[in-house]
Structure formats: structure tokens, C-alpha cells
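Residue numbers (full-length UniProt numbering): 1 to 259.
Yeah, the Cβ is synthetic: ideal placement off N, Cα and C, and Gly gets one too.
Some notes on the structure that comes next.
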């Protein structure tokens, strides 16, 4: 055979779980910002990550999302077919990798297999399945209960409780880079793995509304859990971002071969 082989679409197969990026995501997020022990962070993350610390420890966030998504491109029928939704919780740390500042989403949990698929394959996000409970006014306008967020697995139970009446609306600033270190493995095993950095910069379509609240965070974590030691050392500050719409996947930079 001469020349480059040609494999027309569908490639590799016509069974698609998700649409190609970019995607439009809309919904609400609730975030607790606090500081955690710098040594505990260093114990679980690559030394390529340079954490940013305050007076007590590394700036850290626990964020909960309730999201609807659809592909940005395609016909209305295609967008409807490939749309979906998910709940998500993320523990991320402020800092830098390869001199790029941003937030490193090191631990990510969701309730949706489709999101696990495109999040892991396209971006390398370390998503795994967990159980979620999102209750109260911020998640359900008809509710009279205070807002609470919970993600739990066999070795941890993380809870965020928000004082809804303490809301102070503030202007929305420019979002940070989402930093994702990625290990690229070559199946044949005849060459070493490659260490890349994906830098995701979400595009704001509709900014929504941003509020600062009072609240509390509880980390109930077993000693053998990978997130043991990452409990808050400071009083959390709660951020609620409602009614936003962003595009993810239209602005992504990849730095390959980080030593």
C-alpha cells in the first residue's frame, strides 16, 4: 500500500456518547473558599504545581455545580439529541503550573456518565462517580429550606451549608484559567508517557448573577482517603453564581512534554 491510509467517517464507529466540543454549559454553582494545610497539598499533588498560600495555608475551593449542557454547533435537533445535565463537585487549588496561573481541579466528582466520558477523554479531567444531594432555595426556587450541598463516597462525605439570607451581590470578574495536568500513555508501551498541561479558558456568554454568602463546610473523611488532610483551616467564604452560561472547549491551550 502506498500513500496515507484514508478512513472516512464515521471514525472510529458511529456509536457516539457525546458531541464534539465546544459545549455550552448553563446553571448554578456554589463555592466555598478556604485555606488548607500546605504540606497536605504537597503530599498529594505533583511538585510541578506551585501552590498559592495565604496566612494559614493554600487557597482552596470546594465547588458544587448543577449544569445543563449542549453542543455549541449543529442543528437544533442535533443539539437536543446530544444535550444533557449533570451535578458536579470539585476540589481545586490556586497556584501555577509551567508558569501559568490558575486553579488546579485536582479532585472531581459527578453523577453523569456522559460527562465523565467527554471530560476525561477531551480534557483529562479526573472525574469519577459519586452521590450528590443539592437542596434548598439556591437549587429549587420553590423550596423554603436553607441551601445545602453534599457529595459522598465510600471514604468521604463533604458538605457545604449556605446562609441564603446573607447574600451580598457583587460584580462578576474575569474567570481564572482551569489547569489540568494530563498524563498521555501510549498503548504499545514502547515509549514513555508524556506529561501535558491543558489550559481551559471558558468563554462567558451570559454572566449571570454573583453573590457572597456566609456558610460552613464539613469534611468527614476517612484516614485512608486520598483527600485526608485537606479539611478547611479557615472560616469559608461562600460564593453563589446563578444563571450563568459559558462555552467550554473553544479556547484551550495545551503545553506538551512538561518535565
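- For residue 254, the secondary structure class from DSSP, reduced to helix, strand or coil, is strand.
- For residue 222, the number of other beta carbons within 10 angstroms of its own is below 16, and it is reported as exposed.
- When Cβ pairs closer than 8 Å are counted between the two stretches, the stretch 72-83 is seen not to touch the stretch 44-55, the count staying below three.
- When DSSP states are grouped into helix, strand and coil, residue 244 belongs to the strand group.
- Take residue 80, set aside five residues on each side of it, and the residues of its chain with a beta-carbon closer than 8 Å to its own are 70, in chain order.
- Exclusion of the five residues before and after residue 86 leaves 67, 110, 111, 112, 115 as the residues of its chain whose Cβ lies within less than 7 Å of its Cβ.
- With a contact defined as Cβ atoms closer than 8 Å, residue 246 and residue 199 miss out at about 16 Å.
- Residues 194, 196 of the same chain have their beta carbon placed closer than 7 Å to that of residue 256, with the five preceding and five following residues left out of the count.
- Taking the Cα positions, residue 142 is about 39 Å away from residue 53.
- When only Cα atoms are considered, residue 225 and residue 90 end up about 16 Å apart.
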